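A.B. asks: Have a look at this one before I ask anything.
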Amino acid sequence: MKKRIRTVLIGVVALLAVFSVIRFQFFSDTGEVKGVPVESAAGDTSKALPETVAGESREVPVKGMVTMLDLGASSCIPCKMMAPILKKMEKKYDGKAAIIFIDVWKHREQAKRFGIRAIPTQIFFDKEGKEIYRHVGFVSEAEIVKQLEKMGVG
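If you use my numbering, the sequence shown corresponds to residues 451 to 604, in order.
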């Protein structure tokens, strides 16, 4: 009986150790509040949509501009389906609204920062940076346009 209890306790401790390592490996907070390295809607980091001219990372959401933030991953099927839509929206609303993609597998701290539970998640911010609307899952071009128009972007 004592041997059985000891075996169970050792197993529980081992599992807790494994979960602790996983938690700190994948979900650690870097303490970075802004200045997040983000990608353009097309997932191309060389284009660096959110960087300033000086090469510093732009604050997300973009101050003074309506911002659509798409948090997803390059390996996520709905995210892949949305990539061409986001690229088109990025061109269409250039200078009017910021369309930003963050790969949450590469930037886990941002998933935590924005409270992401499932991907893709789209968050729309007004010009003051206040969250106006949040959607989880695939979102169509028409729905994006409708939401941006509601927010005064034309």
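Virtual Cβ for every residue (Gly too), placed ideally from N, Cα, C.
Given the structure is predicted, the values throughout are model-derived calculations rather than measurements.
With a floor of 3 residues, list each beta strand (DSSP E) that falls wholly inside the stretch 562-598, ordered by position along the chain.
C.D. replies: You should have 571-575 and 581-586.
A.B. asks: Using beta-carbon positions only, say whether I566 and V510 come within less than 8 angstroms of one another.
C.D. replies: Cβ distance not < 8 angstroms, so I566 and V510 don't count as in contact.
A.B. asks: Relative to the C-alpha of V554, which candidate in M539, T571 and H585 has its C-alpha closest?
C.D. replies: Checked all of M539, T571 and H585; the closest Cα to V554 is T571.
A.B. asks: Assuming M531 is part of the alpha helix (DSSP H), what are its boundary residues?
C.D. replies: I527 to K542 is the span of the alpha helix (DSSP H), which, as asked, contains M531.
A.B. asks: Run the CB neighbour count on D544, radius 10 Å, all protein chains shown included, and call it buried at 16 or more, exposed below.
C.D. replies: Exposed, because fewer than 16 other Cβ atoms sit within 10 Å of the Cβ of D544.
A.B. asks: Tell me the DSSP bridge mates of T517?
C.D. replies: Its beta-bridge partners are A548 and F575.
A.B. asks: Can the beta-carbon of A547 be found less than 8 angstroms from the beta-carbon of T517?
C.D. replies: The answer is yes: Cβ separation under 8 angstroms.
A.B. asks: What residues in its chain sit with their C-beta under 7 angstroms from that of G514, if we drop five residues either side in the sequence?
C.D. replies: Hits under 7 angstroms: K577.
A.B. asks: Using only the alpha-carbon positions, how far apart do E599 and I460 sit?
C.D. replies: E599 and I460: Cα-Cα distance of roughly 58 angstroms.
A.B. asks: To the nearest angstrom, how far is the alpha carbon of F575 from that of C526?
C.D. replies: The alpha-carbon atoms of F575 and C526 are separated by roughly 23 angstroms.
A.B. asks: Select from G522, C529 and A533 the residue whose C-alpha is nearest the C-alpha of I552.
C.D. replies: Among G522, C529 and A533, the Cα nearest to that of I552 belongs to G522.
A.B. asks: So, for V512: in the same chain, excluding its five sequence neighbours on each side, which residues have a beta-carbon less than 6 angstroms away from its beta-carbon?
C.D. replies: Excluding residues within five positions, the ones whose Cβ falls inside 6 angstroms are A548.
A.B. asks: So, are the CB atoms of M601 and I573 less than 8 angstroms apart?
C.D. replies: No, Cβ-Cβ distance for M601 and I573 is not below 8 angstroms.
A.B. asks: Going by the beta-carbon positions, is the gap between M532 and V589 smaller than 8 angstroms?
C.D. replies: A contact, by the Cβ cut-off of 8 angstroms.
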